[in-house]
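Asker: Below you'll find the structure I mean.
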Amino acid sequence: MGTDQVDATLLNIGAEDVAVSPPAEGADVFPEHKASREPVAQRIVVTLEACASRQGAMTIVELVEATGLAKTTVHRMCWKLVELGLLEHSSRGFCVGSKVFALAATNPRISQLRVAAIPHLVELQRRTGAMVNLATLSGGRALIIDALFTERSSRLPKLVGHALPLHCTGAGKAIAAALDLEERERLLFGGGPLPSVAKSTIVQPGLLRRHLQRVAETGIAVADGEFLPGVKALAAGFRLRDGGAVAIGVVEAWNSQTLRAAPAAVADAAAALRRVLN
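Quick note on the working numbering: the sequence shown kicks off at 1410 and runs consecutively.
Okay, structure coming up:
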């Protein structure tokens, strides 16, 4: 199916009756629905993001709850996205399809960042023995685009592909501290009160401003249980010539002895990656 056909198909997605199995072959699956409350593209993205938020598959009922969309809409949309390869279906439900990975892998910035960062992620893991990750600024959040895991880090969450908040994660703080003050203010404080993700999350604007200023001065961001209880992250970030921002860092249990060597190793990894990219 060509790109034009895919676009045309997606733009005809509507909300009708729901069934347990795929609609019958030849059925008018997506009749025009001119009274749609939300743009079709938005409903597609919301559905894909809901599936991506889970490690496993999601049922129709779970997707309805996660997206707030009508059950009929979710059902018909999911089966059409399966047909297009954007979702996959199993007995457990729906999950993101391999075509989404293929499309994402063609993003030139992310591809360049990942390729350039591989040796520095490997060296950072060698020096610290910790789980290491790479993030970039995307949509006002820290998008984790790559990571290396260890046997010891098997119990830590695998967040590749997840967009994390800037105010309470190691990668997020490192990116925020690397931004111009005006952009930092807009991204952090332009959308209302900051969410309290954990008990130790910094949500007071004045306190967070001072905290990020220290990160900018020292070059190392630390998030100790502010996003996930019992998990500590250290990261260093920098701006790219094209205006983007990147962070590289480590994630470990809060009491891990490997974190003692992490600040210097993280700073070195960020400096080396910056030289390559800039």
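Heads up, the beta-carbon is just placed ideally off N, CA and C, and yes, glycines get one too.
What's the C-alpha gap between residue 1636 and residue 1489?
Answerer: Those two C-alpha atoms are separated by around 36 Å.
Asker: Determine the extent of the alpha helix (DSSP H) in which residue 1479 is found, giving its start and end residues.
Answerer: Premise fails: residue 1479 is in no alpha helix (DSSP H) and is neither H nor E.
Asker: When burial is assigned at 16 or more other CB atoms within 10 Å of the CB, is residue 1468 buried or exposed?
Answerer: Residue 1468 is exposed by the Cβ-count criterion.
Asker: In this structure, does DSSP put residue 1454 in helix, strand or coil?
Answerer: Note: residue 1454 maps to helix in three-state DSSP.
Asker: Give me, in chain order, the residues of the same chain whose beta-carbon lies closer than 6 Å to that of residue 1608; leave out the 5 immediate sequence neighbours on both sides.
Answerer: Excluding residues within five positions, none has a Cβ falling inside 6 Å.
Asker: Excluding five sequence neighbours on each side, which residues of the same chain lie with their C-beta closer than 7 Å to the C-beta of residue 1587?
Answerer: The answer, listed in chain order, is 1646, 1647, 1648 and 1654.
Asker: How is residue 1677 classed by DSSP in three states: helix, strand or coil?
Answerer: Note: residue 1677 maps to helix in three-state DSSP.
Asker: DSSP state of residue 1473, grouped into three classes?
Answerer: Reduced to three states, the DSSP call for residue 1473 is helix.
Asker: For residue 1616, which three-state DSSP category applies?
Answerer: It is helical.
Asker: According to the neighbour-count rule (16 or more other Cβ atoms, all chains shown, within 10 Å of its Cβ), is residue 1527 buried or exposed?
Answerer: Flag for residue 1527 reads exposed.
Asker: Any heavy atom of the ligand FMN closer than 8 Å to the beta-carbon of residue 1654?
Answerer: Questions concerning the ligand FMN fall outside what the structure shown contains, since it holds no ligand whatsoever.
Asker: Kindly identify the DSSP beta-bridge partner or partners of residue 1541.
Answerer: DSSP, once it has assigned bridges, lists 1557 and 1659 as partnering residue 1541.
Asker: Report yes if the CB atom of residue 1534 is closer than 9 Å to the CB atom of residue 1686, and no otherwise.
Answerer: It is not a contact, given that the beta carbons lie outside the stated cut-off.
Asker: Looking only at its chain, what residues have a beta carbon closer than 7 Å to the beta carbon of residue 1650, apart from the 5 residues adjacent to it on each side?
Answerer: Answer for residue 1650: 1687, listed in chain order.
Asker: By alpha-carbon positions, which one of 1585, 1523, 1551 and 1549 ends up nearest to residue 1557?
Answerer: Checking every option, the nearest Cα to that of residue 1557 belongs to 1523.
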